[in-house]
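Undergrad: Quick mapping for you: the protein sequence lines, in order, are chains P and B. Remember, my numbering sits 22 above the position in the first sequence when you count from 1. Remember, my numbering sits 1455 above the position in the second sequence when you count from 1. No residue lacks a Cβ here, since even glycine has one placed at the ideal position from N, Cα and C. Owing to the predicted nature of the structure, the values given are computational and were not obtained by experimental measurement. Just passing along the structure, written as structure tokens.
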Amino acid sequence: MERMIEKWQDRISEVTLGAVKESGGTRASTVKIGGESGIYFLKGEDACPNLPVVAMEVWDMEPENWPDALKSNFGSALKDPAEWAKMCVEKFKAGVICLRLASIHPDTKNSSAEEAGKTLEKILKAVNVPLVIIGSGAHEKDNEVVVRCSEAARGENCLFGIAVQASYKTLTAACLSGGHCIISEAPIDINIAKQLNILICGMQFPSDKIVIHHATGALGYGLEYTYSIMERTRLAGLSGDKMLSMPMINFVGQEVWRTKEAKTGDEVAAEWGPARDRGALLETATACSYLNAGADILVMNHPKAVEETKKVIKDLCKV
Amino acid sequence: MFIIGERINGMFKDVAEAIKKKDKAVIQSLAKKQIAAGANALDVNVGPASDNPKEAMGWLVKTITDIADITLAIDTTKKDAMEAGLNLCKSKPIINSVNANEDKMDTFFALAKKYNASVIGLTMDKSGIPKDSEGRLELAMKIVASAMEHGIDISDLYIDAVILPVNVAQAHAQEVLKTIRELKILADPAPKAILGLSNVSQGSNERLKPLINRTFLVMAIASGLDAAIMDADDKGLTDAAITAELLMEKQLYCDSFLDAYRKR
């Protein structure tokens, strides 16, 4: 029987994260995401030059609301971002680290841009993998901090986030000046996602340094909305829509560890299965769903979930 | 929408003059202007006045390919001039055009095979242009069948249902639209629908030409038009085309959809 292989008009842009010494950085190697000329995991099509990547999340302060099931994996390293990052790379084999600048939020520690910049510098010294750096979600403060951080990581080709329609100019300018990549985010709205990419490119930002985020939903918390919009984005990108032909990222850990299923202890909900495994299982299931929707980079928290997701990626790619 | 810029045609005085004087700058500037305005390809026609069409076509193609790597539609009915143009193209060319006469189809489809070119087939033959869509579709079918016999990929075939000026043949416009709609079920994959758009307003008042062109283009896109040979430099016209395609859901909406299209 003849094998029908879908021929697409275009390919997804290939985004390189990190920079080695020759290109002005200090990373040991770079990580490439995207570059697909077809859908992931279709056997024999050879359309995806790069596998999806799992990044591990590190905070610049000890997370207060994390349940023990998650915290216990990192021990005292949670108090020191550089140690934490090192542990993720050395012990849990993370290929990319995602630094979340949670402490700069006015409602947490309200730390200064200077403090954030120093933390970033320490992490850059402690590990040699590419970095994703995201703000606290308080736009005004994030804009203040990103300028210092972009400078601190100049030449390292990090992936900075998160640009939204209401606040993208400072971040775009900072990334342009520091030579970094950018995450553009729309709240599960493909039309706004496209518009935001046009606005960012309108500032002469190269389209092959943009990664799309469609606000991630955890399993049971709107995953299907994100899933279907990711599918539409990927199909539009492959069909020639240049403003949607970018790799996609999902913040899986962040969403899963907010859910009551992941956070509730054994004493309250024994019938849900042991709390020790529950969150990691949810994280793995959410991550694997997004892999099938076309995710190119997944930011995750639990080491076991990271390990399992990597296994799934490998298995799905076996011919 | 695949836009073929119509401006490099010896029917225009400046082009005829440039061919005569071998003035490359005029041609190259016309090419650049059309590309900047959004043309995906350029039509190249030496015009009726040329005494050596073969040589003139070669010169025109060379002049354009020297500065731009863009698809060219070699527009001539003469085999030697066609071959002179095809021979010099750097990217996959378009043969513009062949009618439904057997001898013409044999000649030009053989050339298409030889030069790996797309082909525009006109729904007309020795007896002229049919009055209705049935007649046009019959000729379109003949062209599709001949293309298949010559081993041409049907997705490389464009069918032009030949629009006549509205001021002399008003009834033809709706027959052309009907033909475009039905072309899509002629074969699988279907041939593409193309129009030599400006003909619809030929002879009309200068002031009305842009309005007629624009309106008919939008109607044709709604009927399934894939490509047009048109004035790429008319921004109102290309804006209308982009918007019509948006409303046909060929592009995802965003507030800057005009810019987004032009960034492709």
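Between the beta-carbon of ALA1696 (chain B) and the beta-carbon of MET1456 (chain B), is there less than 8 Å?
TA: Working through the second sequence from its first residue, we reach residue 1696 (chain B) at position 241. Working through the second sequence from its first residue, we reach residue 1456 (chain B) at position 1. Cβ distance < 8 Å, so ALA1696 (chain B) and MET1456 (chain B) count as in contact.
Undergrad: For ASP263 (chain P), which residues in chain B fall below 9 Å Cβ to Cβ?
TA: Within the first sequence, the letter at position 241 stands for residue 263 (chain P). Residues of chain B passing the Cβ test: GLN1706, LEU1707, ALA1715 and ARG1719.
Undergrad: So, are the CB atoms of VAL75 (chain P) and GLY56 (chain P) less than 8 Å apart?
TA: In the first sequence, residue 75 (chain P) corresponds to position 53, counting from 1. In the first sequence, residue 56 (chain P) corresponds to position 34, counting from 1. No, Cβ-Cβ distance for VAL75 (chain P) and GLY56 (chain P) is not below 8 Å.
Undergrad: Can you say whether TYR1708 (chain B) is buried or exposed, counting buried as having 16 or more other CB atoms within 10 angstroms of its CB?
TA: In the second sequence, the residue the question calls residue 1708 (chain B) occupies position 253. The residue is exposed, with fewer than 16 neighbouring Cβ atoms inside 10 Å.
Undergrad: Take ASN1654 (chain B) as the anchor and find which of B:LYS1690, B:GLU1604, B:ASN1622 and B:MET1537 has the nearest alpha-carbon.
TA: Taking the second sequence and counting its residues from 1, the one referred to as residue 1654 (chain B) is at position 199. Nearest C-alpha to ASN1654 (chain B): B:ASN1622.
Undergrad: Residues in the same chain with beta-carbon distance under 6 Å from ARG1573 (chain B), minus the five sequence neighbours each way, listed in chain order, please.
TA: On the second sequence, residue 1573 (chain B) is found 118 positions in, with the first residue counted as 1. Note that residue 1573 (chain B) is Ser in the sequence shown here, rather than Arg. Result list for SER1573 (chain B): ILE1549 and ASP1611, in chain order.
Undergrad: Taking the beta strand (DSSP E) that THR1526 (chain B) falls in, what are its first and last residues?
TA: Residue mapping note: residue 1526 (chain B) aligns to position 71 of the second sequence, counting from 1. Residues 1526-1530.
Undergrad: Please check the pair LEU39 (chain P) and ASN179 (chain P), which I expect to be a contact at CB under 8 Å, by giving their CB distance rounded to whole angstroms.
TA: To locate residue 39 (chain P), count along the first sequence from 1; it is residue 17. To locate residue 179 (chain P), count along the first sequence from 1; it is residue 157. Confirmed, Cβ separation roughly 7 Å.
Undergrad: Three-state secondary structure (DSSP) at MET1688 (chain B)?
TA: Mapped onto the second sequence, residue 1688 (chain B) falls at position 233. Sequence check: residue 1688 (chain B) is Asp here, not Met. Correct three-state label for ASP1688 (chain B): coil.
Undergrad: Provide the residue(s) that pair with LEU153 (chain P) in DSSP beta bridges, ordered along the chain.
TA: Taking the first residue of the first sequence as 1, we reach residue 153 (chain P) at position 131. The partner list for LEU153 (chain P) (beta bridge, DSSP) reads P:ILE119.
Undergrad: Give a yes or no on whether 8 Å exceeds the smallest Cβ distance from LEU266 (chain P) to chain B.
TA: In the first sequence, counting from the first residue as 1, residue 266 (chain P) sits at position 244. Interface residue, yes.
Undergrad: Report yes if the CB atom of ARG33 (chain P) is closer than 8 Å to the CB atom of ASN150 (chain P), and no otherwise.
TA: Start at 1 with the first residue of the first sequence, and residue 33 (chain P) comes out as number 11. Start at 1 with the first residue of the first sequence, and residue 150 (chain P) comes out as number 128. No; because the gap between Cβ atoms is not below 8 Å, this pair is not in contact.
Undergrad: Which one or two residues does DSSP pair with ASP1498 (chain B) in a beta bridge?
TA: For this step, residue 1498 (chain B) is matched to residue 43 along the second sequence. BP columns for ASP1498 (chain B) point to B:ALA1528.
Undergrad: Which residues, in chain order, does the region 212-242 of chain P contribute to contact with chain B at a C-beta distance below 9 Å?
TA: Answer set for the region 212-242 of chain P: ILE212, ASN213, ILE214, ALA215, LYS216, GLN217, LEU218, ASN219, ILE220, LEU221, CYS223, GLY224 and SER229.
Undergrad: Between ALA258 (chain P) and chain B, is there a C-beta pair that is closer than 8 Å?
TA: Start at 1 with the first residue of the first sequence, and residue 258 (chain P) comes out as number 236. Judged by the 8 Å Cβ criterion, ALA258 (chain P) is in contact with chain B.
Undergrad: If ASP1615 (chain B) and ILE1575 (chain B) are in contact, beta carbons under 8 Å, what's the gap, nearest whole angstrom?
TA: Here residue 1615 (chain B) corresponds to residue number 160 of the second sequence, with the count starting at 1. Here residue 1575 (chain B) corresponds to residue number 120 of the second sequence, with the count starting at 1. Yes, they are in contact, since the Cβ atoms of ASP1615 (chain B) and ILE1575 (chain B) sit about 6 Å apart, within 8 Å.
Undergrad: Classify LEU1641 (chain B) as helix, strand or coil using the three-state DSSP reduction.
TA: The sequence position of residue 1641 (chain B) within the second sequence is 186, counting from 1. Coil at LEU1641 (chain B), not helix or strand.
Undergrad: Tell me which same chain residues have a C-beta within less than 7 Å of the C-beta of GLY1606 (chain B), skipping the five on either side of it?
TA: To locate residue 1606 (chain B), count along the second sequence from 1; it is residue 151. Excluding positions up to five away in sequence, the list reads LYS1568.
Undergrad: Is ILE1635 (chain B) helix, strand or coil by DSSP?
TA: Looking up residue 1635 (chain B) in the second sequence gives position 180. ILE1635 (chain B): helix per DSSP, three-state reduction.
Undergrad: If you measure from the beta carbon of SER1711 (chain B) to each beta carbon in chain P, is any gap under 8 Å?
TA: What you label residue 1711 (chain B) is simply residue 256 of the second sequence in a count that begins at 1. Cβ-Cβ to chain P under 8 Å: yes for SER1711 (chain B).
Undergrad: Would you give the residue range spanned by the alpha helix (DSSP H) that LEU1612 (chain B) belongs to?
TA: Locating residue 1612 (chain B) in the second sequence gives position 157, counting from the first residue. Element bounds for LEU1612 (chain B): not the alpha helix (DSSP H) but the beta strand (DSSP E), 1612-1615.
Undergrad: What residues in its chain sit with their C-beta under 7 Å from that of VAL53 (chain P), if we drop five residues either side in the sequence?
TA: Residue 53 (chain P) sits at position 31 when you count from the first residue of the first sequence. Contacts found: LEU39, GLY40, VAL75, GLY117, VAL118 and PRO152.
Undergrad: Going by Cα to Cα distance, which pick from B:SER1505, B:ALA1682, B:MET1603 and B:ARG1591 is closest to LYS1475 (chain B)?
TA: If you number the second sequence from 1, residue 1475 (chain B) lands on position 20. Checking every option, the nearest Cα to that of LYS1475 (chain B) belongs to B:SER1505.
Undergrad: Name the residue from P:VAL233, P:GLY242, P:GLY66 and P:TYR247 whose alpha carbon lies nearest to the alpha carbon of GLY259 (chain P).
TA: As a first step, residue 259 (chain P) is located in the first sequence; it is residue number 237 there, counting from the start. Among P:VAL233, P:GLY242, P:GLY66 and P:TYR247, the Cα nearest to that of GLY259 (chain P) belongs to P:VAL233.
Undergrad: Could you spell out where the beta strand (DSSP E) holding LYS1647 (chain B) opens and where it closes?
TA: The residue given as residue 1647 (chain B) occupies position 192 in the second sequence. From DSSP, the beta strand (DSSP E) with LYS1647 (chain B) extends over 1647-1651.
Undergrad: Would you call CYS203 (chain P) buried or exposed, if buried means 16 or more other Cβ atoms sit within 10 Å of its Cβ?
TA: Locating residue 203 (chain P) in the first sequence gives position 181, where the first residue counts as 1. Classification of CYS203 (chain P): buried, given that the 10 Å Cβ count is 16 or more.
Undergrad: Of the residues B:PHE1564, B:TYR1716 and B:ARG1636, which one's Cα is nearest the Cα of GLU1700 (chain B)?
TA: In the second sequence, residue 1700 (chain B) corresponds to position 245, counting from 1. Selected option, being the one with the closest Cα: B:TYR1716.
Undergrad: CA-CA distance, ARG176 (chain P) and GLU143 (chain P)?
TA: Here the question's residue 176 (chain P) lines up with position 154 in the first sequence. Here the question's residue 143 (chain P) lines up with position 121 in the first sequence. Each residue's alpha carbon lies about 10 Å from the other.
Undergrad: So, is GLN1629 (chain B) buried or exposed, given that buried needs 16 or more other C-beta atoms within 10 angstroms?
TA: On the second sequence, residue 1629 (chain B) is found 174 positions in, with the first residue counted as 1. Counting Cβ neighbours within 10 Å, GLN1629 (chain B) comes out exposed, since fewer than 16 surround it.
Undergrad: Along the alpha helix (DSSP H) that carries THR308 (chain P), what are the first and last residues, could you check?
TA: Taking the first sequence and counting its residues from 1, the one referred to as residue 308 (chain P) is at position 286. Run containing THR308 (chain P): 297-315, per the alpha helix (DSSP H) assignment.
Undergrad: What are the boundary residues of the alpha helix (DSSP H) that GLY139 (chain P) is part of?
TA: Counted from its first residue, the first sequence places residue 139 (chain P) at position 117. 135-148 is the span of the alpha helix (DSSP H), which, as asked, contains GLY139 (chain P).
Undergrad: Quick check: the Cα distance between SER199 (chain P) and ALA188 (chain P), rounded to an integer number of angstroms?
TA: Mapped onto the first sequence, residue 199 (chain P) falls at position 177. Mapped onto the first sequence, residue 188 (chain P) falls at position 166. Rounded to the nearest angstrom, the two C-alpha atoms are 21 Å apart.
Undergrad: Can you tell which of B:LYS1487, B:ALA1486 and B:GLY1540 has the C-alpha that lies nearest to the C-alpha of ALA1511 (chain B)?
TA: On the second sequence, position 56 is the one that residue 1511 (chain B) refers to. Minimum Cα distance to ALA1511 (chain B) is reached at B:GLY1540.
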